[in-house]
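Data block below; observations after.
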Amino acid sequence: QIVVTIVPSNRKDRYDSIKKLCCLEKGVPSQVVVSRTLSKKQMLMSVCTKIGIQLNCKLGGEAWAVDIPV
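Just so you know, we're using the working numbering here: the sequence shown kicks off at -13 and counts up by one.
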């Protein structure tokens, strides 16, 4: 489980409240995204990829792997 929240503006008090509720009170990882971040069409794929990597890591996955032959 993970909570993804899209907020209209970057307000620290709102962000802190979401993180406190999710992490401390409910024990659920969360991702907060400011809507302005998603509004830039030319950067949307890059932004969504980065958000996806963050979500994967928060759910226990690995962002990158390097195969080192032994």
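Idealized CB from N, CA, C, for every residue including glycine.
Source: prediction; values computed, not measured.
What do you get for Ser16, buried or exposed, if any count of 16 or more other CB atoms within 10 angstroms of its CB means buried? Result: buried.
Taking buried to mean at least 16 other C-beta atoms within 10 Å of its own C-beta, is Cys8 buried or exposed? With a 10 Å radius around the Cβ and a threshold of 16 neighbouring Cβ atoms, Cys8 comes out buried.
Out of Lys44, Glu48, Val19, Cys34, point me to the one whose CA is closest to Tyr1's CA. Comparing Cα-Cα distances from Tyr1 to each of Lys44, Glu48, Val19, Cys34, the minimum goes to Val19.
Cα-Cα separation, Thr(-9) to Ile39: Rounded to whole angstroms, Thr(-9) to Ile39 spans 16 Å at the Cα level.
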